[in-house]
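See structure below.
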């Protein structure tokens, strides 16, 4: 099994931009015949999220973005997304 590991530079609170980074890397990993992609901790919400995690609206938006992200990932690739 080929495993891909990525290093990203996510922007704090830029859920859609960070998701796009993950999609781009996932497509590259799938094109390289990887079957699993590992992303860094907090790669979806950015690091450090600080007080954003205390905001229920942000946490809900992050969960919704994760669901949206899943729809755009290559079907042959399992992706472990670092989030809370």
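Numbering (the numbering used here), first residue to last: 422 to 505.
All residues carry an ideal CB built from backbone N, CA and C; glycine is no exception.
DSSP three-state assignment for residue i, whether helix, strand or coil
i           : result
residue 500 : strand
residue 426 : strand
residue 475 : helix
residue 458 : strand
residue 445 : helix
residue 467 : coil
residue 484 : helix
Own chain partners of residue i with C-beta closer than 6 Å, once the 5 adjacent residues on each side are dropped
i           : result
residue 424 : 457
residue 422 : 456
residue 427 : 446, 460
Reference residue i, options the options, closest by Cα
i           : options            : result
residue 403 : 497, 459, 452, 463 : Here the chain covers residues 422 to 505 and nothing more, so residue 403 does not appear.
residue 452 : 495, 505, 476, 470 : 495
residue 505 : 497, 498, 477, 492 : 477
residue 499 : 469, 454, 479, 471 : 454
Same chain, Cβ closer than 7 Å to residue i, five either side skipped, listed in chain order
i           : result
residue 436 : 465, 466, 482, 483, 486
residue 493 : 444
Contacts around residue i, its chain only, beta-carbon distance under 8 Å, and the 5 residues preceding and following it disregarded
i           : result
residue 432 : 438, 439, 467
residue 497 : 451, 456
Whole-angstrom C-beta distance between residue j and residue i, which should lie under 8 Å
i           : j           : result
residue 460 : residue 501 : 6 Å
residue 376 : residue 447 : Here the chain covers residues 422 to 505 and nothing more, so residue 376 does not appear.
residue 442 : residue 429 : 5 Å
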